[in-house]
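Have a look at the structure below, then the notes.
Number of protein chains: 2
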Amino acid sequence: MVEDVLGLLRAGGGRVTTARRQLLEALFASPGHRTAEELAAEVQARAPDIHLSTIYRNLDELERLGVIVHTHLGHGPAAYHLATSAHGHLVCERCGLTLEAPQELFRSLSRVAENRFGFQIDPRHFAVLGRCSACSR
Amino acid sequence: MVEDVLGLLRAGGGRVTTARRQLLEALFASPGHRTAEELAAEVQARAPDIHLSTIYRNLDELERLGVIVHTHLGHGPAAYHLATSAHGHLVCERCGLTLEAPQELFRSLSRVAENRFGFQIDPRHFAVLGRCSACSR
DNA sequence: GTGCTTGCAAACGTTTTGCAGACTC
DNA sequence: GAGTCTGCAAAACGTTTGCAAGCAC
């Protein structure tokens, strides 16, 4: 899977570098959301010289290729994850609890937005904020 | 309406200052979304010495009082508006078009999130991104 | 006069950029 | 060797903060 993406990069005239291989390995190693900083830390555990700005540049590139997506879960840094595990998020504004919401949760919003406004929603890019069950009491 | 809020401030031990009066006047003058910077520009047209940081501090204060809310319409600065005109937003990731979405659009998402996760959504705080009808063709 | 509020400058956290050298192909 | 990618340092961006002076009450 890492190799597939590297092939994709090469196919577009890109080079295969340590930074890219390590970043992809980190991304594929765990399905969770991680910030650029967290990914940098994981990559740097194996290749200490890889700079945070390189991580950002490669995350951009991977996003352009459609391999990953980033999401905003609230104020603060963006979270990155593989595009294949796409889903929305419910984030508690009070305690920060983050729930993954299957696409299907947004189906009816999706339908109404389409009918009323011709608007195709992408529920992945920004989280839906609110109060979790514990905090809404 | 401006005076009502000033009264509210005073009731909580706060002071009524030029900065606050001007900021409220700007907020009430138009129902649109404006960034802190835009509001500062409007205020400074009348009272040039009022500093951006004062705008931020007062926006915080007004938000704490429930008079205004802020929303994130995408990357970039937050947008502020009166709490009375609360609504969600649909923002096109491609052209930036911003549609105001009545609360009612989110009713069914709201219901499902509540039933499935005990989660009370607040569709106002973050916009729902996607593609507008022109850009999705 | 008490103490909330302000202007200013400086810091913040996240992300982007310019550049010269290093590496992949 | 051509051209992409990297590390580094510095800047950009929106926002927050510490402080001493200023103003509302």
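Protein chains in written order, with my numbering: chain A, 4 to 140; chain B, 4 to 140. Cβ coordinates follow ideal geometry from the N, Cα and C atoms, glycine included.
Which first and last residues belong to the beta strand (DSSP E) in which B:GLY91 is found?
Looking up residue 91 of chain B in the second sequence gives position 88. Taken as a continuous stretch (DSSP letters only), the beta strand (DSSP E) holding B:GLY91 covers 91-95.
Three-state class that DSSP yields for A:ILE53 in the structure shown:
By 1-based counting over the first sequence, the position of residue 53 of chain A is 50. In this structure, A:ILE53 counts as coil in the three-state DSSP scheme.
Distance, A:LEU11 Cα to B:HIS128 Cα
The sequence position of residue 128 of chain B within the second sequence is 125, counting from 1. The sequence position of residue 11 of chain A within the first sequence is 8, counting from 1. When rounded, the distance between both Cα atoms is 37 Å.
Excluding the 5 residues flanking B:LEU112 on each side, which residues of the same chain have their C-beta closer than 7 Å to its C-beta?
Stepping through the second sequence from its first residue, residue 112 of chain B is reached at position 109. Same-chain partners within the cutoff: ILE124.
is_contact[A:GLY121, chain B] using C-beta, thresh 7 Å
As a working mapping, residue 121 of chain A is identified with position 118 in the first sequence. Answer yes: the Cβ-Cβ gap between A:GLY121 and chain B drops below 7 Å somewhere.
Whether B:ALA81 touches B:HIS92 by CB criterion (7 Å):
Counted from its first residue, the second sequence places residue 81 of chain B at position 78. Counted from its first residue, the second sequence places residue 92 of chain B at position 89. No. Outside cutoff.
Take the Cβ of B:ARG60 as the centre, count every other Cβ of all protein chains shown within 10 Å, and call the residue buried at 16 or more, exposed below.
The residue labelled residue 60 of chain B in the question sits at position 57 within the second sequence. Exposed.
Indicate whether at least one CB of chain A lies closer than 7 Å to the CB of B:LEU68.
Stepping through the second sequence from its first residue, residue 68 of chain B is reached at position 65. Taking Cβ atoms only, chain A never reaches closer than 7 Å to B:LEU68, which makes this a no.
For the beta strand (DSSP E) that contains A:ARG85, what are its first and last residues?
Within the first sequence, numbered from 1, the residue matching residue 85 of chain A stands at position 82. It should be noted that the sequence gives Leu, not Arg, for residue 85 of chain A. Unbroken beta strand (DSSP E) run through A:LEU85: 82-85.
For B:THR21, tell me which candidate among B:GLY79, B:ILE58, B:MET4, B:ALA39 has the shortest Cα-Cα distance.
Taking the second sequence and counting its residues from 1, one reaches residue 21 of chain B at position 18. Taking only the C-alpha atoms, the option nearest B:THR21 is B:ILE58.
Based on the DSSP secondary-structure assignment, which residues constitute the bridge partners of A:LEU132?
Within the first sequence, residue 132 of chain A is the residue found at index 129, counting from 1. Partner(s): A:VAL94.
When you compare only the Cα positions, how much space is there between A:GLY121 and A:ILE53?
Numbered from its first residue, the first sequence carries residue 121 of chain A at position 118. Numbered from its first residue, the first sequence carries residue 53 of chain A at position 50. When rounded, the distance between both Cα atoms is 44 Å.
Check whether the Cβ atoms of A:CYS135 and A:LEU108 lie closer than 7 Å to each other.
As a working mapping, residue 135 of chain A is identified with position 132 in the first sequence. As a working mapping, residue 108 of chain A is identified with position 105 in the first sequence. No, the Cβ-Cβ distance between A:CYS135 and A:LEU108 is not below 7 Å.
Taking the straight line between their C-alpha atoms, what separation do you get for A:PRO34 and A:LEU132?
Here the question's residue 34 of chain A lines up with position 31 in the first sequence. Here the question's residue 132 of chain A lines up with position 129 in the first sequence. Their backbone Cα atoms lie some 22 Å apart in a straight line.
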